[in-house]
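Quick note on numbering: this note's numbering labels position 462 of the sequence shown as 462, and the sequence is numbered without any gaps. Glycine included, each C-beta is placed from N, C-alpha and C at the ideal position.
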Amino acid sequence: MPTILYLCGVEDPPAVGARIAREGGARWLPSGELEVVRGAGEQRTAYRFLFHATAANAAAELARTPVDLVVVDNRPDPRRPYRSFAATPAGKLLPVLSGARSGSRSVSRRQLVLLLASGETLARDVYVAGAMKLGGYVIDPFVEPAPGERPGTGFLDQLALMLGTRRPGKLALCLSGGGIEGLIYELGVLRALDEFLVNRKLPDFDIFCGISAGAILAAFLANGVPVAELIAGFKDGTETIDAVGRSILFQPNTGELVARLAELARDFLRGFFGGRGGSRAGAEAAEGRGGASSARFDVIETLMRLVPGGFFSGDRLRWYLEEQLTRAGRTNCFRQLRKELYIGATDQDSGRPVVFGEAGYRDVPISHAVRASSALVPYYPPEPLLGRYMVDGAFTRTTNFSVAIRHGARLVTIVNPFVPLLGARPGAVDREGGAFAALQGVKALVHSRFEQAFLHIDEVYPDVDFQVFLPEGEELEQLTGTLMKFFYRVEIADLAYEHTTARLRRQMPGIAERFRRHGLLLRDPRSEEPVALSGPAPAAAAPPEVAARVG
């Protein structure tokens with residue numbers, strides 16, 4: 001059932017409802033909503049109208065309720081003419097939509113329709129609608145045609161054209177990085193969401209995008225591994241998934257260190273003999289660089305090159321993933337997956353994002369792609385692939401939700417634990433030391449990029465629904481260790497599960513409606529009520545005067 005928010009102008013809800021009721025069977029609900037039904041059988045279509053009298057109340061409704069369309073009555077009031085467009089209902093609502101933060105609204109400007117009237121202000125309002133890239137406008141929809149004049153397209157028929165632009169598509173799950181603690185947080189969120197899903201579980205989604213720690217989970221989910229099995233395997237190990245031990249994650253990068261020491265010895269000997277005249281080329285090089293001072297500079301430069309690209313090799317992580325993904329029923333090959341998997345990494349030398357699983361990057365083993373996506377320097381060194389050096393995907397992307405949309409996703413669920421701690425006391429971060437401060441800086445950079453990308457997301461992708469899960473409050477306080485802290489911290493998983501469960505219960509009507517539009521049903525696992533296949537059950541009818549008090 002499409003939900004339409006109607007911001008009133010010159011007419012109150014009962015008057016507007018009476019006009020709309022002429023185009024179908026209508027009834028008022030106790031909540032002040034108007035339900036309109038047209039057609040019968042397979043042609044039956046129902047609409048739900050939410051009426052509000054002020055832009056502030058309409059904006060508050062949008063923050064808690066997903067809607068398919070917003071109709072703003074911008075017809076002029078002859079008794080109180082609007083001085084400018086900014087004083088009209090649309091002029092008051094648009095700034096709220098433009099300044100809303102990610103996740104706080106469910107409609108974009110392209111899903112906003114102006115209701116206009118013929119007259120002096122028509123040209124102005126039509127111009128503004130085009131300049132602001134609004135969804136459209138309707139002129140004089142309730143005016144009765146003159147005798148002998150052909151009736152125009154009905155109001156609901158015109159709205160149906162707008163509602164028809166929303167396309168069904170694929171379901172995507174996008175998981176970002178955040179180190180080991182972030183991975184554990186994501187598992188807690190996924191566990192809660194998976195328990196609420198009724199007809200399709202998370203491994204049944206169509207597209208999986210992963211970056212860094214999220215790439216590890218995405219690789220298993222794309223292979224059809226259930227969330228509960230994934231949690232049990234990572235924590236204690238099962239018959240089908242081996243536990244992740246310290247030796248897998250923290251294998252010292254001794255091979256690179258030895259190679260760099262050998263290179264240091266060669267450079268030192270070349271510099272030593274070159275400075276003594278034993279090597280003409282070395283002497284000329286030293287003279288060209290400024291003699292002894294340059295020689296000392298070269299020593300410092302060489303010592304800097306002694307630092308390895310990563311403290312841990314990451315080889316055993318790649319081997320672990322290869323072993324797990326080649327077991328019965330799974331694959332380590334992008335082309336053999338029944339689901340779409342896209343792993344984000346960064347080309348270290350060009351600084352450009354790379355998406356394994358897309359054309360040109362499908363022949364790399366999944367285990368190698370995940371290892372590359374997790375190569376967070378200085379923890380893990382770059383992963384050589386396809387003649388390039390690949391590092392952590394978080395350097396250039398946060399969740400790769402745009403990749404999912406490019407491949408047909410119309411419902412994108414995002415889990416992003418890479419969020420900085422918001423300290424209320426000045427100096428709280430600095431007191432934790434330089435390592436913690438550096439980590440906070442990286443998180444702030446990555447998260448600000450994510451927020452910026454989401455600032456106008458509904459305008460860029462008006463036909464895509466998003467559901468975002470971010471850590472808050474207690475969850476953030478638990479995610480303050482280092483990215484490589486190993487312990488499977490049960491408190492992080494439990495907190496993420498509890499907070500996500502509470503949020504799903506608190507926001508169930510809105511989230512359930514958003515998911516239902518894409519064929520997903522949600523039900524509280526503690527509830528014994530049947531699933532509402534067509535949205536919330538309608539309440540008993542109420543007199544129209546109830547609606548007059550709405551807004």
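Asked, Found
"C-beta atoms of A590 and T500 nearer than 7 Å", "Residue 590 lies beyond the stretch modelled for the chain, which goes from 1 to 551, so this question has no answer here."
"Segment contact flag, the stretch 175-185 with the stretch 199-217, C-beta cutoff 8 Å, min 3 pairs", "yes"
"Residue span of the alpha helix (DSSP H) that contains K235, given as start and end", "227-235"
"Any 3 or more C-beta pairs closer than 8 Å across the stretch 335-348 and the stretch 393-407", "yes"
"Chain-order list of residues whose beta-carbon lies under 7 Å from that of L197 (same chain, five-residue window excluded)", "L520, L522"
"Complete runs of the alpha helix (DSSP H) confined to the stretch 150-214 [at least 4 residues]", "155-163, 179-196"
"Cβ separation of P89 and L173, assumed to be a contact under 8 Å, to the nearest whole Å", "With a Cβ gap of about 38 Å, P89 and L173 do not count as contacting."
"Straight-line gap, V37 to V128 (C-alpha atoms, nearest Å)", "33 Å"
"Limits of the alpha helix (DSSP H) - the one that I241 falls within", "No alpha helix (DSSP H) contains I241, which DSSP labels as neither H nor E."
"Runs of alpha helix (DSSP H) lying entirely within the stretch 65-152, each at least 4 residues, in chain order", "89-99, 122-131"
"Endpoints, the beta strand (DSSP E) within which M390 is located", "388-392"
"Continuous beta strand (DSSP E) stretch holding P353: start and end", "353-356"
"Range covered by the beta strand (DSSP E) that runs through D465", "465-469"
"For Y342, the three-state DSSP class (helix, strand or coil)", "strand"
"Buried or exposed by the 16-neighbour rule on C-beta atoms within 10 Å, applied to K443", "buried"
"For E459, the first and last residue of its enclosing beta strand (DSSP E)", "First-last for E459: 457-460, but that is the alpha helix (DSSP H), not the beta strand (DSSP E)."
"Residue burial classification, R83 (beta-carbon count within 10 angstroms, cutoff 16)", "exposed"
"Three or more C-beta pairs below 8 Å linking the stretch 115-129 and the stretch 138-148", "yes"
"Residues bridged to A409 [DSSP beta-bridge criterion]", "K170"
"Straight-line gap, V72 to T413 (C-alpha atoms, nearest Å)", "29 Å"
"Run of the alpha helix (DSSP H) containing T398, from where it starts to where it stops", "That residue, T398, is in no alpha helix (DSSP H); it is neither H nor E in DSSP."
"Three-state class that DSSP yields for R220 in the structure shown", "The sequence shown places Phe at residue 220, rather than the Arg named in the question. Three-state result, F220: helix."
"Cβ neighbours of R163 in the same chain (closer than 7 Å, five flanking residues each side left out)", "Just to set this straight, residue 163 is Leu in the shown sequence, not Arg. Only P2, D68, L69 meet the Cβ criterion."
"Straight-line Cα distance separating A26 from R75", "24 Å"
"Simplified DSSP state of V370, which is helix, strand or coil", "helix"
"Rounded straight-line distance, which links the Cα of P353 to that of H456", "22 Å"
"Under the three-state DSSP convention, the category Y497 falls into", "helix"
"Beta carbon of G135 nearer than 7 Å to that of R110", "yes"
"With 16 other Cβ atoms within 10 Å as the buried cut-off, status of E61", "buried"
"Per-residue DSSP class, three states only, for G519", "coil"
"Stretch pair the stretch 382-390 + the stretch 347-366: three plus CB contacts closer than 8 Å", "yes"
"Other residues of its chain near P462: CB distance less than 7 Å, five sequence neighbours each side excluded", "S108, R110, Q111"
"Given P417 as reference, the closest of R517, E186, A160 once Cα atoms are compared", "E186"
"T45 versus T65, E23, T54, N57, residue with shortest Cα-Cα distance", "E23"
"Distance between beta carbons of D524 and M508, contact taken as under 8 Å", "7 Å"
"N- and C-terminal bounds of the alpha helix (DSSP H) containing A46", "First-last for A46: 45-52, but that is the beta strand (DSSP E), not the alpha helix (DSSP H)."
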